[in-house]
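Peer 1: These protein sequence lines map, in sequence, to chains V and E.
Be aware that the first sequence starts at 40, since it is given in this note's numbering, and climbs by one per residue.
Be aware that the second sequence starts at 761, since it is given in this note's numbering, and climbs by one per residue.
Have a look at this one.
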Amino acid sequence: MRYYENLFIINPHVEGAALETLMGKIEKELTDAGANLLKVEELGKKRLAYQIKHQKYGAYVLYFFESEEKSSVRKFEDWLNIQEDVLANMTVKLDEKPDLTKATLLEDPIVDQQPRQER
Amino acid sequence: MAMMRRKKICKFCETTDLKIDYKNYKMLRRFITEQGKIIPRRITGTCTKHQRFLTTAIKRARNIALLPYSNNLKEL
Numbered sequence: 040m041r042y043y044e045n046l047f048i049i050n051p052h053v054e055g056a057a058l059e060t061l062m063g064k065i066e067k068e069l070t071d072a073g074a075n076l077l078k079v080e081e082l083g084k085k086r087l088a089y090q091i092k093h094q095k096y097g098a099y100v101l102y103f104f105e106s107e108e109k110s111s112v113r114k115f116e117d118w119l120n121i122q123e124d125v126l127a128n129m130t131v132k133l134d135e136k137p138d139l140t141k142a143t144l145l146e147d148p149i150v151d152q153q154p155r156q157e158r
Numbered sequence: 761m762a763m764m765r766r767k768k769i770c771k772f773c774e775t776t777d778l779k780i781d782y783k784n785y786k787m788l789r790r791f792i793t794e795q796g797k798i799i800p801r802r803i804t805g806t807c808t809k810h811q812r813f814l815t816t817a818i819k820r821a822r823n824i825a826l827l828p829y830s831n832n833l834k835e836l
């Protein structure tokens, strides 16, 4: 079994009931593709580093899933790519089973100093 | 006169619980310049192994709009 995570960005103007149906659709598509969804994390709205489809903000959602077949990942990604309200998506293969109890933070505070610039 | 240079230590070797992850973009921001370029190893002091992980993480973060590909300083 291979473990994956997919981080995708939803159009911030999709809210309420429309967002719920979209999320339902995405979940269904993933299971239909033959993958097993482990965890969904909504990471909240963020300012994008650059504009995507003329949007400056985006709602980040993180999926953890497992799958036997490589093709199911491909299928899911291809489907996401043609969705208008999904601005971007990226799948990363994980080396080991993810820790599902821990919540992922997009802003992880790390107390550290900036690397020293020479010259 | 010889310049005294402080020995640089790889941050990720020093603290093993510091994981390199593309989602932790606030941390990655320390390893890119204002323009968005990846800062070389010789300046940050990161070891070869961890620099390799860093570059992948930064490139992934760029792909999903957590970090910029480039910042035009003239526009700011």
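Virtual Cβ for every residue (Gly too), placed ideally from N, Cα, C.
Taking only beta-carbon atoms, is V:V112 less than 8 Å away from chain E?
Peer 2: False, the Cβ-Cβ gap to chain E never drops below 8 Å.
Peer 1: For V:V98 and chain E, any beta-carbon pair shorter than 8 Å?
Peer 2: Reading the sequence as shown, one finds Ala at residue 98 of chain V and not Val. It does not; no Cβ of chain E falls within 8 Å.
Peer 1: Quick one: is E:I780 near chain V, going by C-beta distance under 8 Å?
Peer 2: Closer than 8 Å: no.
Peer 1: So what does DSSP say about E:Y785, is it helix, strand or coil?
Peer 2: Of the three classes helix, strand and coil, the one that applies to E:Y785 here is helix, per DSSP.
Peer 1: Which chain V residues are close to E:L826, counting only those with a beta carbon under 7 Å from its beta carbon?
Peer 2: Under the 7 Å cutoff, chain V gives A88.
Peer 1: Let me confirm a value: E:R822 is counted as buried when at least 16 other C-beta atoms fall within 10 Å, else exposed. Which label applies?
Peer 2: When all chains shown are included, E:R822 counts as buried.
Peer 1: Where does V:G83 sit, in a helix, a strand or coil, going by DSSP?
Peer 2: Note: V:G83 maps to strand in three-state DSSP.
Peer 1: Note down, in chain order, every chain V residue with its Cβ under 8 Å from the Cβ of E:R820.
Peer 2: Under the 8 Å cutoff, chain V gives M129 and V131.
Peer 1: Would you list the residues sitting across from V:Y89 in a DSSP beta bridge?
Peer 2: Partner(s): none; V:Y89 has no beta bridge.
Peer 1: Going by CA-CA distance only, name the one from V:M129, V:M40, V:L133 and V:Q94 that's closest to V:G73.
Peer 2: Out of V:M129, V:M40, V:L133 and V:Q94, V:M40 has the C-alpha closest to the C-alpha of V:G73.
Peer 1: Beta carbon of V:I65, beta carbon of V:A98: below 8 Å?
Peer 2: For V:I65 and V:A98, no; Cβs fall outside 8 Å.
Peer 1: Which first and last residues belong to the beta strand (DSSP E) in which V:F104 is found?
Peer 2: Where V:F104 is concerned, the enclosing beta strand (DSSP E) stretches over Q94 to S106.
Peer 1: Would you call V:P148 buried or exposed, if buried means 16 or more other Cβ atoms sit within 10 Å of its Cβ?
Peer 2: Low confidence applies to V:P148: its pLDDT is 42, below 50, so where it sits in the model is not reliable enough to give any reading.
Peer 1: Using a Cβ-Cβ distance cut-off of 8 Å, determine whether V:I48 contacts chain E.
Peer 2: With 8 Å as the cut-off, V:I48 counts as an interface residue toward chain E.
Peer 1: What is the C-beta distance between V:I91 and V:A127, in whole angstroms, given that I count them as a contact (C-beta under 8 Å)?
Peer 2: At roughly 5 Å, the Cβ-Cβ gap stays under 8 Å, so V:I91 and V:A127 are in contact.
Peer 1: Against V:I121, what residues of chain E qualify as contacts under a CB-to-CB distance less than 7 Å, listed in chain order?
Peer 2: Per Cβ cutoff of 7 Å: no residues; V:I121 is ~18 Å from chain E at best.
Peer 1: According to the neighbour-count rule (16 or more other Cβ atoms, all chains shown, within 10 Å of its Cβ), is V:E44 buried or exposed?
Peer 2: Its Cβ being crowded by 16 or more others within 10 Å, V:E44 is buried.
Peer 1: Got a sec? Which residues, its chain only, sit under 7 Å from E:I799 by beta carbon, not counting five neighbours each side?
Peer 2: F791, I792 and T793, listed in sequence order.
Peer 1: To the nearest angstrom, how far is the alpha carbon of E:T804 from that of V:G83?
Peer 2: So the alpha carbons of these two residues sit roughly 31 Å apart.
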